[in-house]
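Asker: Take this structure first; my questions come after.
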Amino acid sequence: AQRVTQPEKLLSVFKGAPVELKCNYSYSGSPELFWYVQYSRQRLQLLLRHISRESIKGFTADLNKGETSFHLKKPFAQEEDSAMYYCALSDLAYSGAGSYQLTFGKGTKLSVIP
Amino acid sequence: NAGVMQNPRHLVRRRGQEARLRCSPMKGHSHVYWYRQLPEEGLKFMVYLQKENIIDESGMPKERFSAEFPKEGPSILRIQQVVRGDSAAYFCASSLLAGGNANGYTFGSGTRLTVV
Numbered sequence: 001a002q003r004v005t006q007p008e009k010l011l012s013v014f015k016g017a018p019v020e021l022k023c024n025y026s027y028s029g030s031p032e033l034f035w036y037v038q039y040s041r042q043r044l045q046l047l048l049r050h051i052s053r054e055s056i057k058g059f060t061a062d063l064n065k066g067e068t069s070f071h072l073k074k075p076f077a078q079e080e081d082s083a084m085y086y087c088a089l090s091d092l093a094y095s096g097a098g099s100y101q102l103t104f105g106k107g108t109k110l111s112v113i114p
Numbered sequence: 115n116a117g118v119m120q121n122p123r124h125l126v127r128r129r130g131q132e133a134r135l136r137c138s139p140m141k142g143h144s145h146v147y148w149y150r151q152l153p154e155e156g157l158k159f160m161v162y163l164q165k166e167n168i169i170d171e172s173g174m175p176k177e178r179f180s181a182e183f184p185k186e187g188p189s190i191l192r193i194q195q196v197v198r199g200d201s202a203a204y205f206c207a208s209s210l211l212a213g214g215n216a217n218g219y220t221f222g223s224g225t226r227l228t229v230v
């Protein structure tokens, strides 16, 4: 069974400080990993996915298969980064086969202190 | 494009009543997914539907819960004889392609069901 663990329920950092939101997963196949973000009073939206290898709003995340981790990082936190962040996993392979279900972690609330 | 629309935003039901949650996918999307988020938990997959078909309901409780996505109109998640444990946020997502992950899901704002 697949599982996603976000060990921190709440993370507070000062503006300008580096941010790292931790995500570990358990999955026997070839996973696809995502980070979703939910700003206050807004809907859940995709922030980034590991196969696209892009930086969105200054955030990056690298899939580490050896450590089964997909931590989200940003070098300098901004106040507008305050939100709930969810790590999610799917077993949809690049070929398009597999399941479409997303398995979510419990989320980490990031609070950036001015 | 209004995105994925869910209504109502908040729904209060007494134990034993029925709850009907509606989801209108993004224009052009024919794949709909329902997720449930219990307090202090992550989102959990419930069901995946295409127009007039249930593709995967492996995450749905066996009793009292049902879902449909008719040819016309929104997708409906129906909970009969609600109990306090059904209190949760119910999120709907839609996608253009099957599976959705290639382009990401688009989520609605959710319906918060409270059973009193």
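Chains as they are written, first to last, in the numbering used here: chain A, 1 to 114; chain B, 115 to 230. C-beta: ideal position from N, C-alpha, C; glycine also.
If we define contact as Cβ-Cβ less than 9 Å, is A61(A) a contact residue for chain B?
Answerer: Within the first sequence, numbered from 1, the residue matching residue 61(A) stands at position 61. No, its Cβ sits nowhere closer than 9 Å to a Cβ of chain B.
Asker: Between which two residues does the beta strand (DSSP E) carrying H145(B) extend?
Answerer: One-based indexing of the second sequence puts residue 145(B) at position 31. Segment H145 to Q151, the beta strand (DSSP E) holding H145(B).
Asker: Just by C-beta distance, which residues in the segment 142-176 of chain B are closer than 9 Å to chain A?
Answerer: Cβ contacts with chain A come from H145, Y147, Y149, Q151, E154, E155, G156, L157, K158, F159, Y162, I169, D170, S172 and G173.
Asker: Report yes or no: do three or more beta-carbon pairs, one from the segment 23-43 of chain A and one from the segment 74-85 of chain A, lie closer than 8 Å?
Answerer: Yes, they touch.
Asker: For a cutoff of 9 Å on Cβ pairs, would you count E20(A) as touching chain B?
Answerer: Start at 1 with the first residue of the first sequence, and residue 20(A) comes out as number 20. Closer than 9 Å: no.
Asker: Which partner residues does R198(B) have in the DSSP bridge list?
Answerer: Taking the second sequence and counting its residues from 1, the one referred to as residue 198(B) is at position 84. Paired residue(s): none; R198(B) is not in a bridge.
Asker: Ignore the nearest five residues each way along the sequence and tell me which others in E8(A)'s own chain have a CB closer than 8 Å to its CB.
Answerer: On the first sequence, residue 8(A) is found 8 positions in, with the first residue counted as 1. Cβ within range, chain order: L21, K22 and T108.
Asker: Please classify S209(B) as buried or exposed, where buried requires at least 16 other C-beta atoms within 10 Å of its C-beta.
Answerer: As a first step, residue 209(B) must be located in the second sequence, where it is residue number 95. Buried, because 16 or more other Cβ atoms sit within 10 Å of the Cβ of S209(B).
Asker: Using a Cβ-Cβ cut-off of 7 Å (strictly less than) and excluding sequence neighbours within five positions of V230(B), which residues of its own chain qualify?
Answerer: Against the second sequence, residue 230(B) aligns to sequence position 116. If we look at V230(B) and ignore the five residues flanking it on each side, its Cβ neighbours are V126 and R128.
Asker: Tell me, please, whether the CB atom of L46(A) is closer than 9 Å to any CB atom in chain B?
Answerer: Against the first sequence, residue 46(A) aligns to sequence position 46. So yes, L46(A) belongs to the interface.
Asker: For the beta strand (DSSP E) containing C23(A), name the first residue and the last one.
Answerer: Against the first sequence, residue 23(A) aligns to sequence position 23. Per DSSP, C23(A) belongs to no beta strand (DSSP E) and is neither H nor E.
Asker: Among the candidates Q120(B), S144(B) and N121(B), whose CA atom is the shortest distance from the CA of P184(B)?
Answerer: As a position in the second sequence, residue 184(B) is number 70, starting the count at 1. Looking at the Cα atoms, S144(B) is the closest of the given residues.
Asker: What residues from chain A crowd round S201(B), counting only those whose CB sits closer than 9 Å?
Answerer: Counting from 1 along the second sequence, the entry for residue 201(B) is found at position 87. Those within 9 Å of S201(B) in chain A number zero; the least Cβ separation is about 17 Å.
Asker: Assign D81(A) to one of three DSSP states: helix, strand, or coil.
Answerer: On the first sequence, residue 81(A) is found 81 positions in, with the first residue counted as 1. It is helical.
Asker: Using the beta-carbon count (16 or more within 10 Å), is P139(B) buried or exposed?
Answerer: Translated into the one-based positions of the second sequence, residue 139(B) becomes position 25. When all chains shown are included, P139(B) counts as buried.
Asker: Between which two residues does the beta strand (DSSP E) holding R127(B) run?
Answerer: Your numbering for residue 127(B) matches position 13 in the second sequence. Run containing R127(B): H124 to R127, per the beta strand (DSSP E) assignment.
Asker: Taking the beta carbon of G156(B) as the centre, do at least 16 other beta carbons fall within 10 Å, making it buried, or is it exposed?
Answerer: Within the second sequence, residue 156(B) is the residue found at index 42, counting from 1. The residue in question, G156(B), is buried, as its Cβ has 16 or more Cβ neighbours within 10 Å.
Asker: Along the chain, where does the beta strand (DSSP E) containing R49(A) start, and where does it finish?
Answerer: Residue numbering aside, residue 49(A) sits at position 49 when the first sequence is read from its first letter. Residues Q45 to R49.
Asker: Determine the contact status of A181(B) and E166(B), defining contact as a CB-CB distance below 9 Å.
Answerer: Taking the second sequence and counting its residues from 1, one reaches residue 181(B) at position 67. Taking the second sequence and counting its residues from 1, one reaches residue 166(B) at position 52. It is not a contact, given that the beta carbons lie outside the stated cut-off.
Asker: Let me confirm a value: A1(A) is counted as buried when at least 16 other C-beta atoms fall within 10 Å, else exposed. Which label applies?
Answerer: By 1-based counting over the first sequence, the position of residue 1(A) is 1. Answer is exposed; the Cβ neighbour count stays below 16.
Asker: Pull the bridge partners of T103(A) from the DSSP assignment, please.
Answerer: Your numbering for residue 103(A) matches position 103 in the first sequence. For T103(A), which the question treats as bridged, DSSP gives the partners L89(A).
Asker: List the endpoints of the continuous beta strand (DSSP E) containing D170(B).
Answerer: Taking the first residue of the second sequence as position 1, residue 170(B) is located at position 56. N167 to D170 is the extent of the beta strand (DSSP E) around D170(B).
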